[in-house]
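For our numbering, add 14 to where a residue sits in the sequence shown, where the first one is 1.
Ideal placement from N, C-alpha and C gives every residue a C-beta, glycine not left out.
This report concerns only the one structure given below.
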Amino acid sequence: MGTQKQGSLALPRGVTIRDHKSGSTIVITFTYKGILCRESLSRMDVNARNVKYAERLLGEIQNKISSNDFSYTHYFPSSKKARMFGVVNNTKTIKNYLEEYITICENRSLSPSTINGYKKCLSALKQFHSLHAKELTPATLKNWISGQNATLKTIRNNLSFLRSAIDEAVTDGLLDINPVSQVSAARYHCGKTNDDDDYEVDPFAPYEAEAIYDACRNKQWENLFRFAFRTGMRSSELCALRWSDIDFPGRVTHVQSASVVGVLKGTKTKAGKRKIELDDEAILALVEQKAFTFMRSEFVFEDPKTSKPWAGADAIRKKAWVPTLKKAGVRYRNPYQTRHTFATRHISAGVNLFWLCGQMGHKGPEMLFRNYGSYLADYDGNTSRPVIKAVR
């Protein structure tokens, strides 16, 4: 082998010294399957003795490559390069795969609420964390499901996340079949019986909405709640609403974005990007809100305590919604019921369902039938649109 000098050390061909902030590292370079590979000997001091060791190690590796007897993970078990050659670390745990999948989702720029949901699933699946991928079996999953006291919906959400993560183990060649796909949560579930079907559309009566307005400790809360009841917008959409989205002469608002955990993003669905017609009460809420934010903020609604736009639906619920309903003496329902109130009020008035779908951001009436079947049973077929009066 030829030699070169770096500092006071004579370096054989294929051995170099890499300098970095915390010191220097010996690096060996070789070609494997036509690909140039560089691997650091990070735990070795840079001296003549260890350079000689690196030269012998490099020679051994090159001999192994020549005889087709080289195992990348045997020499470099933590190297990322091993994955390029289809070599997988058999010691990866379920937790490793769960965390890897979260990273994949973050790189795909999934919404913060989705990432937070996956992190909660990661915690819920801690019983599997120390298992290796090959140790995850249908029998293990059956026992876990039967021992859970959570709702069927929650278990399904956790298993869906686990299944997606373990798909990476199948891709890596560690597993032939994803064991999560072989188990039905409903068959082995013995915990709480309430699931998605138990969610109840529970709209507010007109007198309850008035009581909520009267109980607001802050005028900005009242404007926000009144606008929510009269437009059916989601809390995340209200947080992201800008004054530039409002067309006062046309009496419409353009819904174009949402705010989730303080991060602005597109609407929940493509159909969610829409125009909502504004009635007198919605216009009134905007006119009265102008005094607070019109001249100093691009956003319509703000948290009065911070004078900044609401961070998200959870902030509205905790800071304004819960204390207002308590003061009003109104039976508690979550803020999403303002949207249901908007829908059921129009259905009861016999509006055109396709018009209502457009106002709510649904692709078609299927969602209306799914959520509001009992109200549609009394639907009289009237296809009129609501009368939207002008404010004088």
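Assuming K233 and E182 make a contact with CB atoms under 8 Å, what is their CB distance in whole Å? Actually they are not in contact, since the Cβ atoms of K233 and E182 sit about 52 Å apart, beyond 8 Å.
Keeping to the same chain, check which residues put their C-beta closer than 6 Å to that of S56; ignore five residues upstream and five downstream. T39
At 4 residues or longer, what runs of the alpha helix (DSSP H) sit wholly inside the stretch 164-188? 166-185
What are the boundary residues of the alpha helix (DSSP H) that includes D83? Note, D83: premise wrong, no alpha helix (DSSP H); not H, not E.
For T168 and I42, I'd like the C-alpha separation in whole angstroms. One Cα belongs to T168, the other to I42, and the distance between them is close to 50 Å.
Could you please give the first and the last residue of the uninterrupted beta strand (DSSP E) stretch that includes L50? 49-55
Excluding sequence positions up to five away, which residues of its chain have a Cβ less than 8 Å from the Cβ of K133? I116
By a C-beta neighbour count over all protein chains shown, 10 Å radius and 16 as the cutoff for buried, is R248 buried or exposed? buried
Looking only at its own chain, which residues have a Cβ that is under 6 Å from the Cβ of K95, when we skip the five neighbours before and after it? Correct list, in chain order: C51.
Rounding to the nearest angstrom, what Cα-Cα distance links T30 and T45 in this structure? The alpha-carbon atoms of T30 and T45 are separated by roughly 15 Å.
For R32, the residue or residues it bridges with in DSSP: T39
Quick check: what's the CA-CA separation for A327 versus L189? 41 Å
Go to R353, then tell me how far its alpha helix (DSSP H) extends in each direction, as first and last residue. From DSSP, the alpha helix (DSSP H) with R353 extends over 351-362.
To the nearest angstrom, report how far apart G378 and W324 are at their CA atoms. 30 Å
In terms of alpha-carbon separation, which member of N163, P193, L139 lies closest to A153? P193
Cα-Cα, which of S178, F142, A62 is closest to I118? S178
Just curious, the alpha helix (DSSP H) that A223 is in, first and last residue? Where A223 is concerned, the enclosing alpha helix (DSSP H) stretches over 220-229.
Considering just the uninterrupted stretch of the beta strand (DSSP E) at T245, what are its terminal residues? Element bounds for T245: not the beta strand (DSSP E) but the alpha helix (DSSP H), 233-245.
Is the distance from the Cβ of I290 to the Cβ of T307 below 8 Å? no
Using DSSP bridges, identify the partner residues of E316. P323
Straight-line gap, N348 to I330 (C-alpha atoms, nearest Å): 11 Å
Measure the C-alpha to C-alpha separation of P217 and Q351 and round it to an integer number of angstroms. 6 Å
Under the assumption that F356 contacts G246 (Cβ atoms under 8 Å), give the Cβ distance between them as a whole number of angstroms. 3 Å
Less than 8 Å between the beta carbons of L252 and F243, yes or no? no
If you compare alpha carbons, which of A199, I75, L23, S54 is closest to R32? S54
Here's a check: name, in chain order, each residue in its chain whose Cβ is nearer than 7 Å to the Cβ of Y346, leaving out the five neighbours to either side. L339
Limits of the alpha helix (DSSP H) - the one that T128 falls within: 126-138
Nearest neighbour of A138, chosen from R231, N121, R170, K35 [CA to CA]: R170
Under the three-state DSSP convention, the category R271 falls into: Correcting the residue type first, residue 271 is Ser in the shown sequence and not Arg. Of the three classes helix, strand and coil, the one that applies to S271 here is strand, per DSSP.
Go through its chain and collect everything with a Cβ distance to I75's Cβ below 8 Å, but skip five positions before and after it. I42, F44, F84, Y89
Restricting to Cα atoms, I'd like to know which of S93, L23, A24, Y86 is closest to K47. Y86
How far does the alpha helix (DSSP H) with L255 in it reach, from first residue to last? Segment: none, L255 is in no alpha helix (DSSP H) and carries neither H nor E.
Closest Cα partner of F368 within the set F142, R359, K106, L382: L382
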